């Protein structure tokens with residue numbers, strides 16, 4: 001009987017058609033997730049006019065949605081480790097697509113808030129599962145760059161929402177954004193047919209035929225068979241127990257809390273800017289189209305920060321890159337509070353996008369690699385869930401500042417505090433206790449063949 005370690009086969013593979021298929025589906029999901037999140041801020045100026053919303057009310061609606069995302073991450077991340085990531089992803093895509101469509105027909109803010117809360121349950125469960133699956137199926141050599149590039153879909157979605165807001169929304173109303181946000185529902189049957197389930201899910205359940213089918217697509221020369229031993233006993237032993245409890249085992253407690261604090265502060269910045277950037281710029285004297293152009297520039301900066309940061313991670317490590325981005329972000333927010341020069345604002349907003357969403361993108365990869373694969377979805381899911389508390393606070397907090405007649409410059413200055421706190425939290429992570437897919441730490445044994453018994 002031949003003994004095969006599935007994660008080692010994937011880790012040593014070269015990026016091919018199978019990896020590209022997984023990447024494109026994950027990119028698709030994250031793009032619409034980013035679109036759904038950004039479209040509220042893009043449509044907010046027109047929505048506030050239609051429903052006569054105050055800044056506090058508008059911030060409250062955004063916070064309800066973000067609370068739904070937190071609940072979704074808490075529920076669906078551990079569930080995925082139990083029933084399979086593909087199933088949970090399909091459920092999440094279905095939920096956020098259907099209820100995003102229903103949001104577009106909202107006659108009043110109350111109905112809209114309920115629909116957005118339910119849609120957000122699906123959005124909250126989607127991110128940790130997509131990140132975990134992409135990390136699991138990425139060759140080890142390029143894993144950080146692949147996962148980070150995939151997560152740029154979030155920024156692509158934000159850019160698309162901004163472009164639609166700039167060139168279509170004023171003619172058709174803010175509701176057009178929500179019609180487009182429901183499109184993933186049409187792709188769901190194709191997703192179910194093409195997208196693979198998690199390998200670790202199959203290994204835990206001893207589904208040798210499914211494992212062999214996937215590995216033969218990744219490595220056609222391996223000739224993997226259902227009868228091979230895919231280290232079932234070892235993986236099942238590691239999978240025993242409650243996934244959340246395992247986040248605090250093997251001296252991971254301090255790092256787990258550090259990740260949660262970092263996620264809280266990163267998402268506070270991300271959702272504060274996503275929700276209010278167009279409105280802040282509008283209050284600074286810019287027209288609607290010009291205000292949305294700042295959102296567009298921020299999205300471009302997010303992609304640039306993610307890609308450049310992903311390349312640097314391989315050279316100097318996650319933590320140095322992340323802490324450096326937080327430091328640059330702090331400086332940017334200070335200068336944003338001191339200048340009104342349009343060219344300087346565009347440049348600083350681009351850097352702000354790189355140092356907020358770009359930081360969170362890289363932090364997601366850092367967190368997912370820190371935990372062993374059997375609790376990876378739970379690890380990233382709970383970090384994001386705790387981070388959603390910051391996301392919930394942000395729209396209301398900025399709304400209160402604007403309602404209290406704080407200047408846009410002072411609103412930008414407020415982001416310096418979470419930027420510093422995120423850097424301090426990341427410095428507290430104990431990297432020596434992380435998994436980082438070190439095969440030897442996960443009980444991995446090199447592929448070998450033994451005589452049939």
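In full-length UniProt numbering, the protein residues as written are 1 to 453. All C-beta atoms in this analysis are idealised placements derived from N, C-alpha and C, irrespective of residue type, glycine included. On a predicted model such as this, the values are computed, not experimentally measured, just so you know.
Other residues of its chain near residue i: CB distance less than 6 Å, five sequence neighbours each side excluded
| i | result |
| --- | --- |
| residue 394 | 268, 271, 272 |
| residue 352 | 332 |
| residue 102 | 115 |
| residue 182 | 97, 100, 101 |
| residue 219 | 9, 13 |
| residue 313 | 144, 321 |
| residue 224 | 212, 215, 216 |
| residue 59 | 395, 396, 399 |
| residue 246 | 375 |
| residue 311 | none |
| residue 318 | 366 |
| residue 391 | 66, 267, 271 |
| residue 421 | 265 |
| residue 385 | 70, 73, 74 |
Cβ-Cβ separation, residue j to residue i (assumed contact under 8 Å), whole Å
| i | j | result |
| --- | --- | --- |
| residue 455 | residue 78 | Past the boundaries of the shown model lies residue 455; the chain is included only from 1 to 453, so the question cannot be answered. |
| residue 265 | residue 418 | 4 Å |
| residue 118 | residue 95 | 7 Å |
| residue 298 | residue 350 | 7 Å |
| residue 32 | residue 134 | About 16 Å; that fails the 8 Å criterion. |
| residue 46 | residue 173 | 7 Å |
| residue 73 | residue 388 | 7 Å |
| residue 34 | residue 153 | 6 Å |
| residue 157 | residue 38 | 6 Å |
| residue 109 | residue 51 | 5 Å |
| residue 303 | residue 155 | 5 Å |
Residue i classed as buried or exposed, judged by whether at least 16 other C-beta atoms fall within 10 angstroms
| i | result |
| --- | --- |
| residue 192 | exposed |
| residue 340 | exposed |
| residue 171 | exposed |
| residue 227 | exposed |
| residue 55 | buried |
| residue 279 | buried |
| residue 376 | buried |
| residue 221 | exposed |
| residue 122 | buried |
| residue 345 | buried |
| residue 405 | exposed |
| residue 17 | exposed |
| residue 196 | buried |
| residue 29 | buried |
| residue 20 | exposed |
| residue 450 | In this prediction, residue 450 scores a pLDDT of 33, lower than 50, which makes its location untrustworthy; the coordinate-derived value is nonetheless stated afterwards. Residue 450 comes out exposed. |
| residue 190 | exposed |
| residue 248 | exposed |
| residue 184 | buried |
| residue 15 | exposed |
| residue 277 | buried |
| residue 369 | buried |
| residue 287 | exposed |
| residue 186 | exposed |
| residue 364 | buried |
Neighbourhood of residue i by C-beta distance below 7 Å, restricted to the same chain and skipping five residues each side
| i | result |
| --- | --- |
| residue 293 | 166 |
| residue 201 | 84, 85 |
| residue 254 | 428, 430 |
| residue 433 | 250, 251, 252, 255 |
| residue 161 | 35, 38, 39, 42, 177 |
Contacts around residue i, its chain only, beta-carbon distance under 8 Å, and the 5 residues preceding and following it disregarded
| i | result |
| --- | --- |
| residue 325 | 305, 309, 354, 355, 358, 359, 362 |
| residue 348 | 332, 335, 336, 339 |
| residue 112 | 61, 103, 106 |
| residue 169 | 42, 43, 46, 176, 177 |
| residue 413 | 333, 334, 336, 337 |
| residue 296 | 159, 162, 163, 166 |
List, from N- to C-terminal side, the alpha helix (DSSP H) runs of 4 residues or more that fit wholly inside the stretch 244-325.
253-283, 288-316
Write down every uninterrupted run of the alpha helix (DSSP H) in the stretch 126-153 whose length is 4 residues or greater and which is fully enclosed by it, in chain order.
143-151
Which parts of the stretch 383-416 are runs of the alpha helix (DSSP H), unbroken and 4 residues or longer, counting only runs that do not cross its ends?
408-413
Along the chain, which unbroken stretches of the beta strand (DSSP E) at least 3 residues long are found entirely within the stretch 162-232?
none
Runs of alpha helix (DSSP H) wholly within the stretch 55-109 (minimum 4 residues, chain order):
55-83, 85-103
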